[in-house]
Every structure is written in structure tokens, then in C-alpha cells.
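Student: Mind having a look at this structure? Questions to follow.
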Amino acid sequence: MTEQGEVRFGDTRFAYEIVRSPRRHKTIEITVDEPGKVTVAAPVEMPSDSVEATLRRRAGWILRHANTVAAPAAPRRFVSGESLPYLGRSVRLEVRPSESARVNIHFHHWQFDVEVPRQLEGEARHNALRAAFECWYRERAALKLPPRVVRIAQLLGVTPAAVLVRDQQRRWASCAPDGTLRFNWRALMVAPALLDYLVAHELAHLRVRSHNAEYWAFVGQAVPDYRLRRQRLRELGPS
Numbered sequence: 102m103t104e105q106g107e108v109r110f111g112d113t114r115f116a117y118e119i120v121r122s123p124r125r126h127k128t129i130e131i132t133v134d135e136p137g138k139v140t141v142a143a144p145v146e147m148p149s150d151s152v153e154a155t156l157r158r159r160a161g162w163i164l165r166h167a168n169t170v171a172a173p174a175a176p177r178r179f180v181s182g183e184s185l186p187y188l189g190r191s192v193r194l195e196v197r198p199s200e201s202a203r204v205n206i207h208f209h210h211w212q213f214d215v216e217v218p219r220q221l222e223g224e225a226r227h228n229a230l231r232a233a234f235e236c237w238y239r240e241r242a243a244l245k246l247p248p249r250v251v252r253i254a255q256l257l258g259v260t261p262a263a264v265l266v267r268d269q270q271r272r273w274a275s276c277a278p279d280g281t282l283r284f285n286w287r288a289l290m291v292a293p294a295l296l297d298y299l300v301a302h303e304l305a306h307l308r309v310r311s312h313n314a315e316y317w318a319f320v321g322q323a324v325p326d327y328r329l330r331r332q333r334l335r336e337l338g339p340s
């Protein structure tokens, strides 16, 4: 359920989209996905004029943030010399044709050595490589996230029902009402400190559902500088 609108601030206008969620109760969350694109997550019952009033109050912040948000990443070609992020570092690709029946990815010494079936070309090659890397990141996420969740959950005194890895297009992670944590496989691209913030952010929802003062104080027990880490994640999102 989405709505669209526009707010004027001085001589500048910016468009926004409201995404209604039955899981959100009182607060709204404003995200600048890219310059000129603002998304507002809002409760189902909140009047549109109340959302717009909040946007007007925060227009200065929105416009400042729009000037610093990262540009979307260029499309990947998956060729030698390119790099992909992993745990906050750029990992160079070395790609070579092989007689293998499928794409094989070997990660060692902070480099991706990639074998590609010789017969693959064009779009088929690109799709096969993208799928193989997604699978690689998913497997790494399934291996590395649960221990991190256990460690931070012990700090906060909470216990999630399950930890899952998913392909979430608009979120880094989420916490379901039943206590299940779902993490975007792309989370393994960010630095460990940001990964810890993501984990703490979702675990805190096991204690407090809303993003209120109590919630952020709870997050701060595990990640005292959560504001800086949250800002960095927002900057990294588009890329």
C-alpha cells in the first residue's frame, strides 16, 4: 500500500512515497534512497497530512542527506579487474574460462578466483555469474551471522526464534513478530562494525517493537555509537 506526494522547501521540491505497514504503530521512518527519492515507512492509520507535516519539519535534513547519499553502483560486468565488497573491503575478481559445467568461485587471500564455463556468453554468462555470487554470499551469511547474533543477543539478554538469510530488496534486515530475524544476504558486503549494528538493531525489536527512546537506549547497550553506524549504512545502501 503506497502513496506519493511532493513537498516544497524554499525553492526546492522533493517527491516522496509513503509505504504503509501494519507492523508499524506510532512512528515513521524516513529514508533517502537516492537524490530526489524519499521513502516514508508509516503506520496504516496515520493520516497523510500528518506524514507530510513531519516531512516538512525534516525537509532541511532530507535535502542535506540527499546531497551526501551515495550514487547507485555501476552495473557489474563480472570481469577481471572488477571488485566486489565483502565485510567492508573491496575484493578483486580474477575471471578465467574453464571446461567446468558451472561457475566456480574460490575466495582466498582476499581475492575472488572465478572459473566460468567457456561456452557461456552475453546475458547467459552475466546471469550465471550473478547467481553464483549471490549463492556464495548467502552461504557466507548463513555461516557468519548466527554466531554474531548469539554474541550480541547475550549482551542484550534476548533470544531470537530463528536466523534466516533472504533476498530483501529494500531492507538490510527485519524482525518478525514471532522473533525470527531475517537478514539480506548483501549484509555480508558491509564492514563488521556495521554488521554488528544491524544485528543489534533487529535484536532490540525483540524487547521494544517501536523506534522510540527506550528502543534506541537498548540498541546502545550493544552498540554505543549506533547513530554513526546507522548513518553509514544509509549512505551505503544505494551502492
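For the sequence shown, our numbering gives the first residue as 102, with consecutive numbering after it. Using N, Cα and C, we set each Cβ at its ideal position, and we do this for glycine too.
What residue range is occupied by the uninterrupted beta strand (DSSP E) comprising Arg-114?
Tutor: Element bounds for Arg-114: 113 to 122.
Student: Grouping DSSP H, G and I as helix and E and B as strand, with all else coil, what is His-306?
Tutor: It is coil, neither helix nor strand.
Student: Going straight from the alpha carbon of Ala-262 to that of Leu-299, what length do you get?
Tutor: Ala-262 and Leu-299: Cα-Cα distance of roughly 17 Å.
Student: Taking DSSP as the reference, what is the three-state secondary structure of Phe-341?
Tutor: With the chain represented from 102 up to 340, any question about residue 341 goes unanswered, as that position is not in the structure.
Student: Where do the N-terminal and C-terminal ends of the alpha helix (DSSP H) with Glu-224 fall, by residue?
Tutor: Glu-224 -> alpha helix (DSSP H) spans 223 to 257.
Student: Where does Thr-132 sit, in a helix, a strand or coil, going by DSSP?
Tutor: Strand at Thr-132.
Student: Provide the residue span of the beta strand (DSSP E) that contains Val-152, from first to last.
Tutor: Premise fails: Val-152 lies in the alpha helix (DSSP H), 149 to 158, not in any beta strand (DSSP E).
Student: From this set, Leu-188, Val-196, Arg-190, which residue's C-alpha is nearest Gly-182's C-alpha?
Tutor: With distances taken between Cα atoms, Gly-182 lies closest to Val-196.
Student: So for Ala-292, helix, strand or coil by DSSP?
Tutor: Coil at Ala-292, not helix or strand.
Student: May I have the straight-line CA-CA distance separating Val-192 from Trp-211, to the nearest angstrom?
Tutor: So the two alpha carbons sit approximately 6 Å from each other.
Student: Which residues in the same chain as Glu-216 place their Cβ atom closer than 6 Å to its Cβ, once the five residues preceding and following it in sequence are excluded?
Tutor: Excluding residues within five positions, the ones whose Cβ falls inside 6 Å are Ser-199, Ser-201, Asn-205.
Student: Among the residues of its own chain, which have a CB less than 6 Å from the CB of Leu-282, if the five just before and after it don't count?
Tutor: Here the set comprises Pro-261, Val-264, Cys-276, Glu-303.
Student: Does the structure place the segment 104 to 120 close enough to the segment 279 to 293 that three or more beta carbon pairs sit under 8 Å?
Tutor: These segments do not touch.
Student: Starting from Leu-337, follow the alpha helix (DSSP H) in both directions and report where the run begins and ends.
Tutor: Its alpha helix (DSSP H) spans residues 327 to 337.
Student: Report back the beta-carbon spacing between Arg-308 and Val-259 to the nearest angstrom; my notes put them in contact at under 8 Å.
Tutor: Contact flag correct, Cβ pair sits at about 6 Å.
Student: May I ask you to report which of helix, strand or coil DSSP gives Arg-287?
Tutor: Arg-287 falls in the helix class under three-state DSSP.
Student: Helix, strand or coil: which one does DSSP assign to Gly-189?
Tutor: Reduced to three states, the DSSP call for Gly-189 is coil.
Student: Tell whether a beta-carbon distance below 8 Å holds between Ile-131 and Val-139.
Tutor: Going by C-beta atoms, Ile-131 is nearer than 8 Å to Val-139.
Student: Pull up the CB-CB distance for Ala-142 and Arg-125, whole angstroms please, since I reckon it's below 8 Å.
Tutor: Ala-142 to Arg-125, Cβ: 6 Å. Contact.
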